[in-house]
Amino acid sequence: MIWLWGSLALWAAATALNVALAGSGLARHRAVRLAIPALFGVTLLVLWEGVVRGLNVSPVILPPPSAIGARIAADLPLLWTDFVQTILKGALPGYVMGCGAAVLVAVLIDRSPFLQRGLLPVGNFVAALPVVGIAPILVMWFGFDWQSKAAVVVVMVFFPVLVNMVAGLAATDRMQRDLMATWSAGYWQALVKLRLPAALPFLFNGLKIATTLALIGAIVAEFFGSPTRGMGFRISTAVGQLALDLVWAEIAVAALAGSAFYGLVALIERGLTFWHPSQRARV
Amino acid sequence: MRFRTTSAVLPILTVLLAILALWYAGAVWMNAQWARDQAARAGVEISLSEIVRDTMSQERPVLPAPHQVAAEFGKTVFGTKVTSKRSLVWHGWVTLSATAVGFALGSAAGILLAIGIVHSRAMDLSVMPWAIASQTIPILAIAPMVIVVLSSMGVTGLLPKAIISAWLSFFPVVVGMVKGLRAPDAMQLDQLKTWGASRAQTFWKLRLPASMPYLFASLKVSVAASLVGAIVGELPAGATAGLGARLLSGSYYGQTVMIWAALLAAALLAAALVGLIAAIERVVLRRMGMAR
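Sequences listed follow chains U and C, in order. Take the first sequence: its letter number 102 is residue 102 in full-length UniProt numbering, and every next letter is one higher. Take the second sequence: its letter number 205 is residue 205 in full-length UniProt numbering, and every next letter is one higher.
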């Protein structure tokens with residue numbers, strides 16, 4: 001019981017500290033702004049550990065964070081092979097191919113207003129569909145290995161990026177385009193110097209959505225068949241063996257990889273669209 | 001508005017026809033191998049027109065032709081009793097009920113969290129980064145575990161799936177609702193202050209109405225997400241009902257036509273749900289005097 005009450009007390013103290021910190025003038029400092037969510041995260045972990053130990057929750061239902069940490073440390077090579085299979089081989093190539101194809105198609109569509117009017121509603125519609133459902137079909141077509149996972153990812157990221165990119169290419173206003181015309185810029189010059197840069201904020205919006213979709217696609221596709229490695233495969237088999245600490249270890253890896261992936265795209269965005277108001281406002 | 005809708009019909013129809021044509025061409029191209037193999041095994045020559053005819057009506061095609069999918073869809077939706085386990089209506093209903101419960105839970109949680117974030121600075125600073133981080137986890141990875149753990153605790157059926165779809169649908173609502181509740185500018189907030197409005201009055205009379213367009217934009221995203229959650233929630237642990245289970249058993253037995261029919265049902269369901277939210281949005285915004 002001491003675990004439960006101890007962790008609850010710690011949680012209350014940390015929450016009070018957070019409220020005090022957020023309310024005080026200290027919240028203007030960058031370090032404090034980072035410390036508040038970090039403290040919140042740590043208290044969640046402590047509370048989790050305390051509740052599991054204090055209430056004697058069976059590890060088959062919810063393993064404590066310490067057990068998950070131990071499992072991560074013990075099974076590093078296994079986690080690494082799963083990571084390589086699912087993320088480096090499945091999600092990343094699919095992401096690059098799907099986003100690249102979407103950008104190219106968007107530039108092509110952009111030349112035809114007729115296609116734009118027809119394809120955008122259809123694209124918006126497809127982007128809202130449960131596209132994960134095509135996973136079993138693509139696994140049948142491309143086999144069990146990473147190719148089918150990459151194919152699922154390609155299809156999943158294509159339409160969100162396409163819709164955003166087409167909207168982005170339309171984002172320049174008449175005055176700017178006329179200015180390019182008075183400078184007698186050709187189509188390609190106007191595209192490279194004016195319209196592509198103007199489309200970047202929209203494009204990155206799509207790219208950021210696509211990072212999570214890519215991970216989801218690669219992992220879910222493994223439920224429909226995979227070689228004996230990969231995060232989705234490991235999760236579904238470990239659940240069957242009630243090895244919940246391994247499942248949580250995979251989830252932790254997935255969360256880290258997902259955050260890193262998203263962070264990387266956001267970092268590139270900040271470097272490329274430093275001129276945009278949404279980026280300037282943050283500094 | 002009317003002008004824009006009519007001028008969009010022709011391009012959309014063109015695109016849809018192009019997709020259909022590509023689909024038929026793909027069906028011929030991908031199924032031709034099987035037709036040729038069959039002919040070679042039987043030791044007969046096969047002409048091109050025979051190949052095309054064969055690819056349109058195979059039992060287990062690599063890519064079923066659109067009319068095969070339509071026929072299977074029609075058979076399992078209209079030709080089967082609704083209570084039968086072969087009826088897509090029944091499977092769709094199972095998925096839809098989980099989606100509806102999950103969507104209601106998720107959007108309610110999202111709205112409450114957004115209200116907390118807007119009103120408490122501590123919550124804004126401590127919870128918001130984690131809400132964002134929670135979405136970079138492919139949360140569907142947890143789906144099989146949630147199902148198995150809850151079933152080991154004796155909770156089965158609708159609720160586990162609803163929890164997964166709630167988890168997927170709450171985040172878009174939080175983000176949109178926070179943005180919407182913060183949409184009133186400083187001038188409007190100052191005005192309410194000069195009128196001596198309390199925090200609650202500011203919330204009910206200014207912030208909440210101002211957030212409605214943002215809320216509905218998010219709800220459209222999150223209802224589609226909760227359908228995905230419900231379908232994925234049906235994949236593990238050998239679920240026997242629902243569109244996800246239909247996909248899985250189709251994939252086990254190589255029944256491609258069945259998979260495609262289930263996909264079509266899921267697509268129609270998603271479209272109907274998004275359309276429903278859009279209709280509610282139009283009515284609500286018009287009655288609040290915010291119709292665009």
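For every residue, glycine included, the Cβ atom is placed at its ideal position computed from N, Cα and C. The model shown is predicted, which means the values in this text are computed figures rather than measured ones.
By the CB criterion at 7 Å, C/Met177 and C/Ala114 fall inside the cutoff. Around the beta carbon of U/Trp275, a 10 Å sphere encloses fewer than 16 other beta carbons of the protein chains shown; the residue is thus reported as exposed.
When DSSP states are grouped into helix, strand and coil, U/Thr228 belongs to the coil group. Across the structure, U/Arg195 and C/Gly180 are spaced so that their CA atoms are roughly 30 Å apart. For the C-beta of U/Ala128, the chain C residues within less than 7 Å are, from N- to C-terminus, Ala224, Ala270 and Val274. Contact note: U/Asn18 reaches chain C through Ala122 and Ser126, using a C-beta cutoff of 7 Å and chain order. Under the 10 Å beta carbon count, C/His67 is surrounded by fewer than 16 other beta carbons and is classified as exposed.
Secondary structure within the stretch 43-94 of chain U: the alpha helix (DSSP H) runs of 4 or more consecutive residues, fully enclosed, are 65-74 and 76-83 (chain order). Rounded to whole angstroms, the gap between the alpha carbons of C/Val28 and U/Pro65 is 54 Å. Residues of chain U with a Cβ closer than 9 Å to the Cβ of C/Met290 do not exist, since the nearest Cβ in that chain sits about 22 Å away.
By the C-beta criterion, the stretch 197-214 of chain U is judged to be in contact with the stretch 158-172 of chain U, since at least 3 inter-stretch pairs fall below 8 Å. Taking U/Gly98 as reference, the option from U/Ala13, U/Gly6, U/Thr211 and U/Phe83 with the minimal CA-CA separation is U/Thr211. Among the residues of the stretch 131-148 of chain U, those with a Cβ less than 9 Å away from any Cβ of chain C are Val131, Val132, Gly133, Ile134, Ala135, Pro136, Ile137, Val139, Met140 and Trp141, in the order of the chain.
Chain-order list of chain C residues neighbouring U/Leu244: Met145, Val148 and Val149, by C-beta distance under 9 Å. Under the three-state reduction of DSSP output, C/Pro61 falls in the coil class, being neither helix nor strand. Here C/His91 is buried, its C-beta having at least 16 other C-beta atoms within 10 Å. Between C/Ala131 and C/Phe171, the alpha-carbon positions lie close to 7 Å from each other.
Annotation: Cβ neighbours of U/Leu119 in chain C (cutoff 8 Å, chain order): Pro11 and Val15.
The three-state reading of DSSP puts U/His276 in coil, since its state is none of H, G, I, E or B.
For U/Pro37, a Cβ of chain C is located within less than 7 Å of the residue's own Cβ. Proximity of chain C to U/Gly41 at the Cβ level (cut-off 8 Å) is accounted for by Trp130, in chain order. At the C-beta level, U/Ala218 and U/Thr81 stay beyond 7 Å of one another. The beta carbons of C/Ser251 and U/Pro121 sit no closer together than 7 Å. In this chain, the alpha helix (DSSP H) harbouring C/Ile115 covers Leu88 to His119. Taking a 10 Å sphere around the C-beta of U/Ile268, we find fewer than 16 other C-beta atoms and assign the residue as exposed. Note that the C-beta distance between C/Val146 and C/Pro129 is not below 7 Å.
A contact is defined here as three or more CB-CB pairs under 8 Å, and the stretch 260-267 of chain U fails this definition with respect to the stretch 110-121 of chain U. Taking a beta-carbon distance threshold of 7 Å, C/Ser251 counts as an interface residue toward chain U. Between the alpha carbons of C/Gly157 and C/Ala245 lies a distance of about 13 Å. Counting C-beta atoms within 10 angstroms of its own C-beta, U/Asn205 has 16 or more neighbours from the protein chains shown and is therefore classed as buried. In terms of beta-carbon proximity, U/Ile61 lines the interface with chain C, with at least one pair separated by less than 7 Å. Between C/Asn31 and C/Thr14, the C-beta spacing is not below 7 Å. Under the three-state reduction of DSSP output, C/Pro209 falls in the helix class. Around the C-beta of C/Ala225, 16 or more other C-beta atoms lie within 10 Å, and the residue is accordingly described as buried. Excluding the 5 residues flanking it on each side, U/Leu45 has same chain C-beta neighbours closer than 8 Å at Pro65, in chain order.
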